[in-house]
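Peer 1:
Numbering (my numbering), first residue to last: 6 to 641.
#1: For residue 27, name the three-state secondary structure that DSSP assigns.
#2: Whole angstroms are fine: how far does the CA of residue 75 sit from the CA of residue 84?
#3: Nearest by alpha-carbon distance to residue 359: which of 324, 419, 400 is it?
#4: In three-state terms, what does DSSP make of residue 328?
#5: Return the residue from the list 124, 490, 154 that minimises the CA-CA distance to residue 142.
#6: Quick check on this structure: which residue in 102, 428, 121 has the alpha carbon closest to the alpha carbon of residue 416?
#7: Determine, using beta carbons only, whether residue 346 and residue 319 come nearer to each other than 8 angstroms.
#8: Short of 6 angstroms in beta carbon distance, which residues of its chain neighbour residue 634, apart from the five on each side in sequence? Order them along the chain.
#9: Return the Cβ separation of residue 72 and residue 121 in integer angstroms, given the expectation that the two are a contact with Cβ distance under 8 angstroms.
#10: How about residue 274 and residue 182: do their beta carbons lie closer than 8 angstroms?
#11: Please list the segments of the beta strand (DSSP E) lying wholly inside the region 541–614, counting only runs of 3 or more residues, in order along the chain.
#12: Residues in its own chain within less than 6 angstroms of residue 403 by CB, not counting five upstream and five downstream?
#13: Looking at the secondary structure, which residues open and close the beta strand (DSSP E) in which residue 356 lies?
#14: Quick one: is residue 415 near chain C, going by C-beta distance under 8 angstroms?
#15: In whole angstroms, what separates the C-alpha of residue 643 from that of residue 458?
#16: My guess is that residue 536 and residue 530 are in contact by the Cβ rule of under 8 angstroms, so how many angstroms apart are they, rounded?
#17: Hey, would you say residue 277 sits closer than 8 angstroms to residue 260, going by beta carbons?
#18: Compare the Cα-Cα distances from residue 591 to each of 569, 575, 606, 611 and report the closest residue.
#19: So for residue 88, helix, strand or coil by DSSP?
#20: DSSP three-state call for residue 277: helix, strand or coil?
#21: Starting from residue 167 and walking both ways along the beta strand (DSSP E), at which residues does that stretch end?
#22: Assuming residue 370 is part of the beta strand (DSSP E), what are its boundary residues?
#23: Please classify residue 389: does DSSP put it in a helix, a strand, or coil?
#24: Quick check on the DSSP output: the beta strand (DSSP E) that includes residue 45 runs from which residue to which?
#25: In or out: residue 284 buried (at least 16 other Cβ within 10 Å) or exposed?
#26: Can you tell me the Cα-Cα spacing of residue 317 and residue 341, whole angstroms?
#27: Out of curiosity, what's the CA-to-CA distance linking residue 352 and residue 406?
#28: Exposed or buried, residue 625, counting other C-beta atoms within 10 Å across all chains shown (16 or more means buried)?
#29: Is it the case that the region 141–157 contacts the region 239–255, given that we only count it when at least three CB pairs across the two stretches are under 8 angstroms?
#30: Alpha carbon to alpha carbon, how far is residue 254 from residue 279?
#31: Please list the terminal residues of the continuous beta strand (DSSP E) segment that includes residue 319.
#32: What residues are listed by DSSP as bridge partners for residue 451?
#33: Name the two residues that bound the continuous beta strand (DSSP E) containing residue 153.
#34: Which same chain residues end up closer than 7 angstroms to residue 60 when comparing Cβ atoms and leaving out the 5 residues on each side of it in sequence?
#35: For residue 526 versus residue 555, is the C-beta distance shorter than 8 angstroms?
#36: Nearest to residue 631 by alpha carbon, out of 518, 487, 503?
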């Protein structure tokens, strides 16, 4: 294996906080009780840019920060009082491009958000500034960076330095020619949708009122350019853009031509290559490509190696995992592989889920600790938002997870269509949607398989809630849950709560699974293994914990809340057992054929019956211990 490092845009906002004793609170230069803090902002090591007319790398020359107070949810920003109400000039940067502003006095009882704006344009006047960083004005000739920090509130046990890494908000566009271009030629590239301001608090570009949006970038060629097969550079420019493909207009003097569907995006470098000399004179074809690396600067990420195949990242540090994740989010095919080579601690870091994953993530038996996601209004949330059909996550341990989202919420994946195997989870998984899917491993298991996985996480939601999956429409084999599962009925009065799966439906197959935690639902359909079954459940059991449904509900059972009779008569529940507080194994058996037996005198008979049902299934039950009377063993 050879090691090589790619240019990676490591764009993570880290809020680092340390203690401030009462003796350190300065009361002679500020109001009593205020806490002095230092604000620092820097461009990440991998986020280096080129000036418009030179190849040398350049950091921002100026940076502003504006301070806001906010309610705990951070949705409404209110300007901080006094001098903090306007943007503060953070002064000259260090040689590394870091800006720092000391003795900013904050109220320890307030919650704050910090907005940053930086660019590489020199200030023309000492009084020049920005009126409000929520809508920061952009100069077309500059390279701009911005950042909204995480919500921050003072705690005596934390540091009083607040740091942020800024990210690009502009796209770089380079025009290259395959033909010779004479000195004096006036070359113009017009972008139809560019923006004049940037809404820093929402991290989106904003069109000024009444602005047409047609922005010409003009370059006069100062010396003859000799075209090459791959294109010789004519000029580059920077544009404030949104995520979009756009139809650009290229011109050489008075002759012009449209180039359709050119990809532009913040933090990306788009290159246009074609016959610049004959624009508008002939039907010239231009090709466009995106350089996701932005520049050629190699950045070494400690703990990161890339295998010879070029698509497998070998990760042994938090920074390396974040670097892989950044590349993964920017990869069009979503199939960069990752193999953990060491345990990873993400404690104190907010994780952004990988949107769609079609590669292989091999935990290699290692543990990721402290995965934290707090996105209560977001769907499809987990380490991966969604695992595609071709995606595989295996051999991974997630310890002390804290995941809160809306719907399709799971520690491994919000939604799974691929393969999850030999994975474990501990911690807490919560969903808030009235119609949401919440599971310890996956929120909604739509396709593919989940095999040999277990969860000790507490799982909470409203509609479809399970220790392994909120809803399963696919295959789950040899999985178990020991954590408590709670489903609070939604506004329609129903819920599906199961120790393993909330709703087992649409041809799903649940085989050789068990749960030992408490299962509680305040709506209908609560079961020790499944809340509601309309597919196939074989050789599963619940023991030790209590199963509690709504008062007076007839669809609460030791194994299943309901065994549903659909139009196809496909609901089967075979060789299942329970030993909990319920008097019935199936609360409502609409088929009349469900096999659920209460364990009275030891588990030997139950074990033998379930193993017979598992003949040739690849798994057998063996005598367990502690909270699990039986455990599973793979058969060769």
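Quick reminder that beta carbons are idealized off the backbone N, C-alpha and C, glycines included. This structure is a prediction, so every number in the text was calculated from the model and none was measured.
Peer 2: With the given structure in hand:
#1: In the chain shown, residue 27 corresponds to position 22, counting from 1. Unreliable positioning characterises residue 27 in this predicted model, as indicated by a pLDDT of 28, which lies under 50. The coordinate reading is nonetheless provided below. It is helical.
#2: The residue given as residue 84 occupies position 79 in the chain shown. The residue given as residue 75 occupies position 70 in the chain shown. Spanning the two alpha carbons is a distance of roughly 9 angstroms.
#3: If you number the chain shown from 1, residue 359 lands on position 354. Residue 359 has its Cα closest to that of 419, out of 324, 419, 400.
#4: Translated into the one-based positions of the chain shown, residue 328 becomes position 323. DSSP, reduced to helix, strand and coil, places residue 328 within a helical segment of the structure shown.
#5: The residue labelled residue 142 in the question sits at position 137 within the chain shown. For the residues 124, 490, 154, the minimum Cα distance to residue 142 belongs to 124.
#6: The sequence position of residue 416 within the chain shown is 411, counting from 1. Looking at the Cα atoms, 428 is the closest of the given residues.
#7: Here residue 346 corresponds to residue number 341 of the chain shown, with the count starting at 1. Here residue 319 corresponds to residue number 314 of the chain shown, with the count starting at 1. Contact: yes.
#8: Here residue 634 is taken as the residue at index 629 of the chain shown, counted from 1. Excluding residues within five positions, the ones whose Cβ falls inside 6 angstroms are 548, 608.
#9: Numbered from 1 along the chain shown, position 67 holds the residue referred to as residue 72. Numbered from 1 along the chain shown, position 116 holds the residue referred to as residue 121. So it is not a contact: roughly 11 angstroms between Cβ atoms.
#10: In the chain shown, the residue the question calls residue 274 occupies position 269. In the chain shown, the residue the question calls residue 182 occupies position 177. Here residue 274 is not near residue 182, since their CB atoms are 8 angstroms or more apart.
#11: 541–543, 546–548, 565–568, 577–579, 581–584, 591–594, 601–603
#12: In the chain shown, the residue the question calls residue 403 occupies position 398. The residues are 373, 376, 416, 430.
#13: Numbered from 1 along the chain shown, position 351 holds the residue referred to as residue 356. That residue, residue 356, is in no beta strand (DSSP E); it is neither H nor E in DSSP.
#14: Any reference to chain C falls outside this structure, which holds one protein chain only.
#15: With the chain represented from 6 up to 641, any question about residue 643 goes unanswered, as that position is not in the structure.
#16: Within the chain shown, numbered from 1, the residue matching residue 536 stands at position 531. Within the chain shown, numbered from 1, the residue matching residue 530 stands at position 525. Going by Cβ atoms, the distance from residue 536 to residue 530 rounds to 4 angstroms, so yes, they are a contact pair.
#17: To locate residue 277, count along the chain shown from 1; it is residue 272. To locate residue 260, count along the chain shown from 1; it is residue 255. Not a contact, by the Cβ cut-off of 8 angstroms.
#18: For the purposes of this step, residue 591 is identified with residue 586 of the chain shown, where counting begins at 1. Among 569, 575, 606, 611, the Cα nearest to that of residue 591 belongs to 569.
#19: As a position in the chain shown, residue 88 is number 83, starting the count at 1. Helix.
#20: As a first step, residue 277 is located in the chain shown; it is residue number 272 there, counting from the start. Looking at residue 277 - three-state DSSP - the assignment turns out to be strand.
#21: Within the chain shown, the letter at position 162 stands for residue 167. Counting along the chain, the beta strand (DSSP E) containing residue 167 begins and ends at 166–173.
#22: For this step, residue 370 is matched to residue 365 along the chain shown. No beta strand (DSSP E) contains residue 370, which DSSP labels as neither H nor E.
#23: Position 384 of the chain shown, counted from the start, is the residue given in the question as residue 389. Three-state DSSP puts residue 389 in a strand.
#24: Taking the first residue of the chain shown as 1, we reach residue 45 at position 40. In the DSSP annotation of this structure, the continuous segment of the beta strand (DSSP E) that includes residue 45 starts and ends at 40–48.
#25: Taking the chain shown and counting its residues from 1, one reaches residue 284 at position 279. With 16 or more other Cβ atoms within 10 Å, it is buried.
#26: Mapped onto the chain shown, residue 317 falls at position 312. Mapped onto the chain shown, residue 341 falls at position 336. Distance between the alpha carbons of residue 317 and residue 341 is about 6 angstroms.
#27: Your numbering for residue 352 matches position 347 in the chain shown. Your numbering for residue 406 matches position 401 in the chain shown. If you take the alpha carbons of residue 352 and residue 406, they lie about 9 angstroms apart.
#28: Residue mapping note: residue 625 aligns to position 620 of the chain shown, counting from 1. Classification of residue 625: buried, given that the 10 Å Cβ count is 16 or more.
#29: Judged by Cβ distances under 8 angstroms, the region 239–255 makes contact with the region 141–157, as three or more pairs qualify.
#30: For the purposes of this step, residue 254 is taken as the residue at position 249 of the chain shown. For the purposes of this step, residue 279 is taken as the residue at position 274 of the chain shown. Cα to Cα, residue 254 sits roughly 13 angstroms from residue 279.
#31: Residue 319 sits at position 314 when you count from the first residue of the chain shown. Run containing residue 319: 317–320, per the beta strand (DSSP E) assignment.
#32: Position 446 of the chain shown holds residue 451. Residue 451 pairs with nothing; no bridge assigned.
#33: What you label residue 153 is simply residue 148 of the chain shown in a count that begins at 1. Where residue 153 is concerned, the enclosing beta strand (DSSP E) stretches over 149–153.
#34: Here the question's residue 60 lines up with position 55 in the chain shown. Any reading at residue 60 is ruled out, since the residue's pLDDT is 41, under 50, leaving its predicted position unreliable.
#35: Residue numbering aside, residue 526 sits at position 521 when the chain shown is read from its first letter. Residue numbering aside, residue 555 sits at position 550 when the chain shown is read from its first letter. In this structure, residue 555 lies closer than 8 angstroms to residue 526 by Cβ.
#36: Here residue 631 refers to the residue found at position 626 when the chain shown is read from its first residue. When each option's Cα is compared against that of residue 631, the closest is 487.
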